[in-house]
Amino acid sequence: MSAETSVPRPRESDVDISDSALFKGMLSEAEFAFAFFDADSRVQRVNDVFSDVVNVPAERMVGRQPVEVLAADLSQIITHAVQAVIETDAPVTEGRVRVRSAEGDTRHWSLSFSPVHDDAGELRAVALVGLDVTESRQTEEALRRSEERYRSLVEAQSQLVWITSPTGAVVEDAPQWRAITGQGLEEYLASGWLEVVHPEERQQTEEAWREALRGRTMFEWNYRVRTRASGYRHFEVRAVPIIRHGRVVEWVGANTDVTPQREAEEMRGRLTDQLGAAALRTARLQGATAMLAEALTVEQVVQVIIDVGRTALAADRSAVALLDTDRAALKLINGEGILEASGATGDEIPLSHSNVMTMAVNSRRPVFAESPESLKAQLLEAGGDEEVLAGFLAHGDERAWVGLPLLAAGRALGALRFSFTRPQKISQEDGVFLEALAGQCALAVERATLFEREHRTAETLQRSLLPDRLPVVKGLVLAQRFRSGSRHVQVGGDWYDAFVLQDGRVAAVVGDVMGKGVKAAAGMGRIRNAMRALALTNPPPAAVLTGLDRVFEATEEEEQVTTLAYMVVEPVTGEGTLALAGHPPPVLVSPQGTAILCDAEPGTPLGWPTSRRQFRFVVPPGHTAVLYSDGLVENRKRGLDAGLAELCSVVTEAPPEVVSSPHMLLDFLVDRMLSGYEQDDDVTALAIHVPPATKSD
Numbered sequence: 001m002s003a004e005t006s007v008p009r010p011r012e013s014d015v016d017i018s019d020s021a022l023f024k025g026m027l028s029e030a031e032f033a034f035a036f037f038d039a040d041s042r043v044q045r046v047n048d049v050f051s052d053v054v055n056v057p058a059e060r061m062v063g064r065q066p067v068e069v070l071a072a073d074l075s076q077i078i079t080h081a082v083q084a085v086i087e088t089d090a091p092v093t094e095g096r097v098r099v100r101s102a103e104g105d106t107r108h109w110s111l112s113f114s115p116v117h118d119d120a121g122e123l124r125a126v127a128l129v130g131l132d133v134t135e136s137r138q139t140e141e142a143l144r145r146s147e148e149r150y151r152s153l154v155e156a157q158s159q160l161v162w163i164t165s166p167t168g169a170v171v172e173d174a175p176q177w178r179a180i181t182g183q184g185l186e187e188y189l190a191s192g193w194l195e196v197v198h199p200e201e202r203q204q205t206e207e208a209w210r211e212a213l214r215g216r217t218m219f220e221w222n223y224r225v226r227t228r229a230s231g232y233r234h235f236e237v238r239a240v241p242i243i244r245h246g247r248v249v250e251w252v253g254a255n256t257d258v259t260p261q262r263e264a265e266e267m268r269g270r271l272t273d274q275l276g277a278a279a280l281r282t283a284r285l286q287g288a289t290a291m292l293a294e295a296l297t298v299e300q301v302v303q304v305i306i307d308v309g310r311t312a313l314a315a316d317r318s319a320v321a322l323l324d325t326d327r328a329a330l331k332l333i334n335g336e337g338i339l340e341a342s343g344a345t346g347d348e349i350p351l352s353h354s355n356v357m358t359m360a361v362n363s364r365r366p367v368f369a370e371s372p373e374s375l376k377a378q379l380l381e382a383g384g385d386e387e388v389l390a391g392f393l394a395h396g397d398e399r400a401w402v403g404l405p406l407l408a409a410g411r412a413l414g415a416l417r418f419s420f421t422r423p424q425k426i427s428q429e430d431g432v433f434l435e436a437l438a439g440q441c442a443l444a445v446e447r448a449t450l451f452e453r454e455h456r457t458a459e460t461l462q463r464s465l466l467p468d469r470l471p472v473v474k475g476l477v478l479a480q481r482f483r484s485g486s487r488h489v490q491v492g493g494d495w496y497d498a499f500v501l502q503d504g505r506v507a508a509v510v511g512d513v514m515g516k517g518v519k520a521a522a523g524m525g526r527i528r529n530a531m532r533a534l535a536l537t538n539p540p541p542a543a544v545l546t547g548l549d550r551v552f553e554a555t556e557e558e559e560q561v562t563t564l565a566y567m568v569v570e571p572v573t574g575e576g577t578l579a580l581a582g583h584p585p586p587v588l589v590s591p592q593g594t595a596i597l598c599d600a601e602p603g604t605p606l607g608w609p610t611s612r613r614q615f616r617f618v619v620p621p622g623h624t625a626v627l628y629s630d631g632l633v634e635n636r637k638r639g640l641d642a643g644l645a646e647l648c649s650v651v652t653e654a655p656p657e658v659v660s661s662p663h664m665l666l667d668f669l670v671d672r673m674l675s676g677y678e679q680d681d682d683v684t685a686l687a688i689h690v691p692p693a694t695k696s697d
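Each residue of the sequence shown is one higher than the last, beginning at 1 in full-length UniProt numbering.
As structure tokens, this is what we get:
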């Protein structure tokens, strides 16, 4: 017999293949499964391997059909294959068959069925050859699972895998890439990937890719890719060379879509910038508010506004104008030499003329002009003169403007003007900041205007309670200085007085009624009038203070504190007496510029139960006695003892011509004692100078 199989037919030899012993030995030694079936599909012979595979002894299978002895699924496969060979007289290969072994595990077999002919060419049998392909099947399955895992991992990471030749030419399709870019296969294979890279990044990307090809190094890059929707997405690319036997055989790369991360980073960056800008604007507004709160006068407020414009807004020029409702005009407080586009020059701008500030006041709304074109359009719409406006824009260097109305309770007080020598983009957040700044400036301007008005009123009232002039007495020179405290608007309680007694001597007094306002002023008036009446009746200082104590107990409240220094001095000789009621001691200045503090007992404030004493106090010819209030020597940063020591030191620094003139001496002392300190109280000083004796005397 001869068998037609898929392998070449062996050469004929002297071996008789029909020899039963030889055939049986071959079947028993083979690693393959063998079985022979006759024309009726009955089993003729099987080897041990086949018997083990089907888990049926050989003697039970011989002479029977597969359906009688084998499992249903396996018998069906074998029966159909044998019948196909008999009918077609051609080999049949039956893929892979799963068979459960006696141990219970599953094995995979590949079965081939071939016709077996006799010498006459007649079909004598069908031969089955089975090969155990379990390990091969497991290897293939592991490879398949690995590929599926890799594909799933790539897809999960939004990666687009691509392969090129060693020279960088695209040799395989990348469907995912083409799905994103909308490219056709031919376009992609013709280096079309570079055509969809953003034009701004295309050249650098190509150069970096060529450099990696030349150096056979990893290619890592970032670029934007144009999508089929004509938008751009951000990709990170990484490619590595596959090297075998020292040669690059291909390049494998992966593109990762990082657009969400990039957009998130950009969003975080924008939010960080916005939060930083908002924090900066808030800090600037808080700083401006704090500075405006400390500004008391309109001049100080204007200076703060100018400083804020330069620092917080980086404005090149700033201007403040207040509204004069009677004249229907804006009066420039500080214009920094600006030439308004209205054509008006000088310090007054009629509201009928169109410019940035008048527009802001008339409309009660901010005016933002980010460029000359924007300013021109707005001013022309407001009725501005086109010729004047063209001349202003042609000759000026300003390129952006901001006009802010100063509004208090809806009432216009004036306007602010900031200008820039470059175009200035003003965002919505900037606009909110500027409006808030204008609101704070308006409050500060209103407060400063009210302060100045009330301060002038208070100062006028306080001066009206003081003597109009000092007496002129031969042999004596009197001088006074009064400086109202700048940090309050109410009338204070400092006062001074000097008058001639009936015997020709001169009475001099400096007092201080603690507190501010009408109450302090009223107390000052009562004490001053009572002191004059008592001094003209019984002039000795101790008697006057004793009488004032009785008046104080009868007219003043218990918590009221009033101090004074009172002296009586003889003209020409300077002989005198002094009494203190809790007041700082007088200082005696010699012609040589030395200072001596009176060591008289300070006493207690008026109204305190005590025995009043007076002391001899002489002002020799050429000397000057200075009575003063505590505002000259004491403040928040300087105690009384330190102030008295500093006063004596300042006296020694006075030039001779200052020492000899009581008026110049008081100016010198007040200026030097207040220098470097913030004045928070009234300062009152009274000088009694006895001229030096002359030959005519």
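Every residue, glycine too, gets a C-beta built ideally from N, C-alpha and C.
Let me confirm a value: Ile349 is counted as buried when at least 16 other C-beta atoms fall within 10 Å, else exposed. Which label applies?
Locating residue 349 in the sequence shown gives position 349, where the first residue counts as 1. It is buried - the Cβ of Ile349 has at least 16 other Cβ atoms within 10 Å.
Ignore the nearest five residues each way along the sequence and tell me which others in Asp397's own chain have a CB closer than 7 Å to its CB.
Here the question's residue 397 lines up with position 397 in the sequence shown. Within the same chain, Asp397 has close Cβ partners Thr421.
From what residue to what residue does the beta strand (DSSP E) around Thr684 run?
The residue labelled residue 684 in the question sits at position 684 within the sequence shown. Taken as a continuous stretch (DSSP letters only), the beta strand (DSSP E) holding Thr684 covers Val683 to His689.
Is the CB-CB distance between Ile333 and Val302 below 8 Å?
Along the sequence shown, read from residue 1 onward, the residue named residue 333 stands at position 333. Along the sequence shown, read from residue 1 onward, the residue named residue 302 stands at position 302. The answer is yes: Cβ separation under 8 Å.
Give me the Cβ distance between Met524 and Val513, rounded to the nearest whole Å; I'm assuming they're in contact under 8 Å.
Locating residue 524 in the sequence shown gives position 524, where the first residue counts as 1. Locating residue 513 in the sequence shown gives position 513, where the first residue counts as 1. Confirmed, Cβ separation roughly 5 Å.
Quick check on Arg262: does DSSP put it in helix, strand or coil?
Stepping through the sequence shown from its first residue, residue 262 is reached at position 262. Arg262: helix per DSSP, three-state reduction.
What residue range does the alpha helix (DSSP H) around Met359 cover?
Residue 359 sits at position 359 when you count from the first residue of the sequence shown. Met359 -> alpha helix (DSSP H) spans Val356 to Ser363.
So, do the segment 462-480 and the segment 313-333 have three or more beta carbon pairs nearer to each other than 8 Å?
In short, these stretches do not touch, since the Cβ pair count stays below three.
Taking Gly192 as the reference, which of Tyr677, Thr227 and Gln378 has the closest Cα?
The count along the sequence shown starts at 1 and reaches residue 192 at position 192. Of the candidates Tyr677, Thr227 and Gln378, the one whose C-alpha sits nearest the C-alpha of Gly192 is Thr227.
Where in the segment 383-426 do unbroken runs of the alpha helix (DSSP H), each at least 4 residues long, occur, reported from the N-terminal end onward?
The qualifying runs are 386-395.
Compute the beta-carbon to beta-carbon distance between Ser112 and Val129, rounded to the nearest angstrom, for a pair I have assumed lies under 8 Å.
In the sequence shown, counting from the first residue as 1, residue 112 sits at position 112. In the sequence shown, counting from the first residue as 1, residue 129 sits at position 129. Going by Cβ atoms, the distance from Ser112 to Val129 rounds to 5 Å, so yes, they are a contact pair.
Gly582 and Pro602 look like a contact to me (Cβ under 8 Å); what is the Cβ gap, rounded to whole Å?
Taking the first residue of the sequence shown as 1, we reach residue 582 at position 582. Taking the first residue of the sequence shown as 1, we reach residue 602 at position 602. Sure, about 6 Å apart at Cβ, within 8 Å.
State the beta-bridge partners of Tyr223 as determined by DSSP.
By one-based count along the sequence shown, residue 223 stands at place 223. The partner list for Tyr223 (beta bridge, DSSP) reads Phe235.
Between the segment 561-572 and the segment 619-629, do three or more beta carbon pairs fall short of 8 Å?
Touching, per the Cβ criterion.
Is there contact here, the segment 657-672 with the segment 583-600, by at least three beta-carbon pairs under 8 Å?
Flag = yes, the segment 657-672 and the segment 583-600 touch.
For Glu678, which residues of its own chain have a beta-carbon under 6 Å away from its beta-carbon, when the five flanking residues on both sides are left out?
Taking the sequence shown and counting its residues from 1, one reaches residue 678 at position 678. For Glu678, where only same-chain residues beyond five positions count, there are no Cβ hits under 6 Å.
Val587 CB to nearest chain C CB: under 8 Å?
No chain C is part of this structure, which consists of one protein chain only.
Beta-carbon within less than 7 Å of Phe32's beta-carbon, same chain only, minus the 5 sequence neighbours each way: which residues are those?
Locating residue 32 in the sequence shown gives position 32, where the first residue counts as 1. For Phe32, where only same-chain residues beyond five positions count, the Cβ hits under 7 Å are Val49, Val129, Gly130 and Leu131.
Measuring CB to CB, does Thr164 end up less than 8 Å from Glu250?
As a working note, residue 164 is residue 164 in the sequence shown. As a working note, residue 250 is residue 250 in the sequence shown. The answer is yes: Cβ separation under 8 Å.
Does Thr562 come out as helix, strand or coil in the three-state DSSP assignment?
Start at 1 with the first residue of the sequence shown, and residue 562 comes out as number 562. Three-state result, Thr562: strand.
Can you have a look at Val683 and say buried or exposed, based on whether 16 or more other CB atoms are within 10 angstroms of its CB?
Here residue 683 refers to the residue found at position 683 of the sequence shown. Under this definition Val683 is a buried residue.
CA-CA distance, Arg687 and Arg672?
The sequence position of residue 687 within the sequence shown is 687, counting from 1. The sequence position of residue 672 within the sequence shown is 672, counting from 1. According to the sequence shown, residue 687 is Ala rather than Arg. When rounded, the distance between both Cα atoms is 16 Å.
Using C-beta distances below 6 Å, list every residue in its chain close to Phe482, excluding the 5 sequence neighbours before and after it, in chain order.
On the sequence shown, position 482 is the one that residue 482 refers to. These residues qualify, in order along the chain: Thr684.
Skipping 5 residues on each side, what residues in its chain have a beta carbon closer than 6 Å to that of Ser651?
Counting from one through the sequence shown, the residue named residue 651 turns up at place 651. What sits at residue 651 in the sequence shown is Val, not Ser. Within the same chain, Val651 has close Cβ partners Val589 and Ala595.
For Gly631 versus Asp494, is the C-beta distance shorter than 8 Å?
Translated into positions along the sequence shown, residue 631 becomes position 631. Translated into positions along the sequence shown, residue 494 becomes position 494. In contact: Gly631 and Asp494 (Cβ atoms closer than 8 Å).
Going by C-alpha to C-alpha distance, which of Leu466, Arg124, Asn47 and Cys441 sits closest to Thr297?
The residue given as residue 297 occupies position 297 in the sequence shown. Ranking Leu466, Arg124, Asn47 and Cys441 by Cα distance to Thr297 puts Cys441 first.
Could you please give me the residues that DSSP links to Asp347 through a beta bridge?
Taking the first residue of the sequence shown as position 1, residue 347 is located at position 347. DSSP output for Asp347 lists no bridge partner at all.
With DSSP collapsed to three states, give me the class of Gln679.
For the purposes of this step, residue 679 is taken as the residue at position 679 of the sequence shown. Gln679: coil per DSSP, three-state reduction.
Please classify Gly337: is it buried, with 16 or more other beta-carbons within 10 angstroms of its beta-carbon, or exposed?
One-based indexing of the sequence shown puts residue 337 at position 337. Its pLDDT being 49, under 50, Gly337 is placed unreliably by the model, and the measurement read from it follows with that caveat. Result: exposed.
Distance, Cα to Cα, Pro691 vs Arg613?
Taking the first residue of the sequence shown as position 1, residue 691 is located at position 691. Taking the first residue of the sequence shown as position 1, residue 613 is located at position 613. Straight-line Cα distance between these residues: approximately 28 Å.
For Glu250, write down the residues that DSSP places opposite it in a beta bridge.
Numbered from 1 along the sequence shown, position 250 holds the residue referred to as residue 250. Answer is Ile242.
Among Ala542, Glu558 and Gln502, which residue has its Cα nearest to the Cα of Leu580?
Translated into positions along the sequence shown, residue 580 becomes position 580. Taking only the C-alpha atoms, the option nearest Leu580 is Ala542.
Return the residue from the list Arg268, Pro260, Gly215 and Glu265 that minimises the CA-CA distance to Val248.
Locating residue 248 in the sequence shown gives position 248, where the first residue counts as 1. The candidate whose alpha carbon is nearest that of Val248 is Gly215.
Considering only the alpha carbon of each residue, which of Met218, Glu265, Arg364 and Asp324 lies closest to Ile243?
Your numbering for residue 243 matches position 243 in the sequence shown. Ile243 has its Cα closest to that of Met218, out of Met218, Glu265, Arg364 and Asp324.
Taking a contact to mean a Cβ-Cβ separation below 8 Å, would you say Val544 touches Ala554 in this structure?
Counting from one through the sequence shown, the residue named residue 544 turns up at place 544. Counting from one through the sequence shown, the residue named residue 554 turns up at place 554. No. Outside cutoff.
Since Val46 sits in a beta bridge, which residues does DSSP pair it with?
Walking along the sequence shown from the start, residue 46 turns up at place 46. Note: Val46 sits in a beta bridge opposite Ala35.
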